[in-house]
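A short write-up of the structure that comes next.
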Amino acid sequence: MNPTNSKNSTDPTNRANDERFMRIALDLARKGEGETNPNPIVGAVVVKDGHILGEGYHHSLGGPHAEVFALDEAGDAARGATLYVTLEPCSHHGKTPPCTERIIAAKIARVIIACRDPNPLVNGHGIERIRAAGIEVTEGVLEEEARRANEIFFKFITTGRPFVQLKLAESLDGKIATRTGDAKWISGADSRVEVHRLRRRFAAVLVGVGTVVSDDPRLTVRHVAGTDPLRIVLDGRGRIPLAATLLREEGRTIVVTATMAREKEEALLSLGTEVWRPPGNEGNIDLLAFLQRLGEENIDSLLVEGGGETAAAFLEASLVDKVAFFIAPILIGGRDAIPTVGGAGAKQVSEALHLKRVEIERIGEDLLVTGYPERGNASSASS
181 MNPTNSKNST DPTNRANDER FMRIALDLAR KGEGETNPNP IVGAVVVKDG HILGEGYHHS
241 LGGPHAEVFA LDEAGDAARG ATLYVTLEPC SHHGKTPPCT ERIIAAKIAR VIIACRDPNP
301 LVNGHGIERI RAAGIEVTEG VLEEEARRAN EIFFKFITTG RPFVQLKLAE SLDGKIATRT
361 GDAKWISGAD SRVEVHRLRR RFAAVLVGVG TVVSDDPRLT VRHVAGTDPL RIVLDGRGRI
421 PLAATLLREE GRTIVVTATM AREKEEALLS LGTEVWRPPG NEGNIDLLAF LQRLGEENID
481 SLLVEGGGET AAAFLEASLV DKVAFFIAPI LIGGRDAIPT VGGAGAKQVS EALHLKRVEI
541 ERIGEDLLVT GYPERGNASS ASS
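Every number in the working numbering is 180 more than the matching position in the sequence shown, counting from 1.
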């Protein structure tokens, strides 16, 4: 095999070292979560003789890329070194110059890349440019981990629609609220911090109008440092209270409706709230059309936080890319308590929605279960 065109390292020792340094690069990349949207998160490490000479990550949209930070820190010592980068270096002029040219100018000897960039402007071109300069390239080191880290970017750049994650907190017996509608607090304090950590990663967060009426949420990032996401309320029939707290938070708020009265819309507009009317009728909103509009506005990610009917709407429309359920060790009981997911539901267990790549994590006293739904059909829902 030509060493300048290697897909993976075959030496077990080299492979172990490559994975070790790539994990460091992935940890660096995650520092940029929520700050680079709709661009990817990227980490880079410059290594020579087993020693790290420079580190970097993509800090913010439009700012220098990870490779530039790492190479700047390494300086002249980067000559003959190895560069580990979690995503294929760009080879085109965008908001910043091509990283490939910076790598070539630094006289790097070897570049280890976790995965290719699916952006048509980059995909394979960055690797070709580096190889053409005589630099050895190895691809696919911790590829799956790197793809997972950039799952938001990969979905958005290939479809033009945001990555959708459903987040819900439920009791052990599958309830999100009591029969009186009380839902504070099902999950523990540690889980609430984790939710804010998750929220800061997304460009937008959405709830149904029922959640606004019952819980009056703020939908901001408070328990951790981070940027507040765009706030969205799915409100098919225009029921949102004008006194809702989230309507007075700083930043952008959108109410998505199908049949809202014009007087209510004017009142919302006077508060600085946007009102969107995607295709729909009788309170039903075409969720796919809504997501397409978000994509057109460069909103690359959407965290759906509830409630049960809103969750069912996105799930039944096969528009959820990932789920995250915080399960608290409490039992609410009662046939009139509110279930985690509403809607019509499956007629038979064999028709139930299955998850793949399931992970379970302990968060304080709670369990966090994440997974990726298998695909189904449908395309619209009501709120």
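C-beta: ideal position from N, C-alpha, C; glycine also. These numbers were taken from a predicted model, which means no experiment stands behind them.
C-alpha distance - residue i paired with residue j, whole-angstrom precision
i, j, result
"LEU426", "ARG195", "50 Å"
"GLN472", "ARG341", "5 Å"
"ILE292", "VAL321", "7 Å"
"ARG282", "ARG210", "23 Å"
"ILE307", "ASN330", "19 Å"
"GLN466", "LYS527", "It is Asp, not Gln, that sits at residue 466 in the sequence shown. Computed Cα separation, rounded: 24 Å."
"SER394", "ALA289", "60 Å"
Given residue i as reference, the closest of the options once Cα atoms are compared
i, options, result
"THR520", "ALA504, GLN528, ILE288 and LYS287", "ALA504"
"VAL265", "VAL302, VAL222 and ASP297", "VAL222"
"GLY463", "MET440, GLU496, ALA246 and ARG473", "MET440"
"GLY243", "CYS279, ASN330, GLY523 and ALA254", "CYS279"
"VAL389", "GLY488, HIS238 and ASP229", "GLY488"
"GLY513", "GLY361, ALA250, ARG327 and LEU263", "GLY361"
"GLN345", "GLY525, ALA508, ASP480 and LEU511", "ASP480"
"CYS295", "VAL435, PRO220 and GLU446", "PRO220"
"GLU213", "LEU263, PHE249 and LEU241", "LEU241"
"VAL484", "ASN478, PRO409 and LYS536", "PRO409"
"HIS231", "LEU348, GLU215 and ALA254", "ALA254"
"LEU499", "ASN217, ARG515, LEU511 and LEU482", "LEU482"
"ALA524", "GLY234, ALA491 and GLU350", "ALA491"
"ARG137", "ARG417, THR400, PRO421 and ILE420", "Examination of residue 137 is not possible in this model, given that the chain is present from 181 through 563 alone."
"ALA424", "PRO397, ILE315 and PRO509", "PRO397"
Beta-bridge partners of residue i, as assigned by DSSP
i, result
"GLY354", "Per DSSP, none; premise fails for GLY354."
"ASP546", "ILE543"
"SER271", "In the DSSP output, where bridge partners are listed per residue, SER271 has none listed."
"GLU235", "VAL225"
"PHE482", "The question names Phe, but residue 482 in the sequence shown is Leu. Its beta-bridge partners are VAL344 and ALA384."
Reduced DSSP category for residue i - H, G, I as helix; E, B as strand; rest coil
i, result
"ILE434", "strand"
"GLY212", "helix"
"ASN197", "helix"
"GLN345", "strand"
"LEU511", "coil"
"LEU471", "helix"
"SER530", "helix"
"SER559", "Here the model assigns SER559 a pLDDT of 40, short of 50, so the residue's position is not dependable, and the following value carries that caveat. Three-state DSSP puts SER559 in coil, outside helix and strand."
"ILE465", "strand"
"THR453", "coil"
"ALA504", "strand"
"ALA261", "coil"
"SER186", "Annotation note: pLDDT 49 at SER186 (below 50); position unreliable, no value reported."
"ILE518", "strand"
"ARG411", "strand"
"LEU206", "helix"
Minimum length 4: unbroken alpha helix (DSSP H) runs contained in the segment 360-406: Fully enclosed alpha helix (DSSP H) runs of 4 or longer: 369-379 and 389-395.
Contained beta strand (DSSP E) runs [length at least 3] in the segment 287-331, N- to C-terminal order: The DSSP assignment places complete beta strand (DSSP E) segments of no fewer than 3 residues inside the segment 287-331 at 290-293 and 316-319, in order along the chain.
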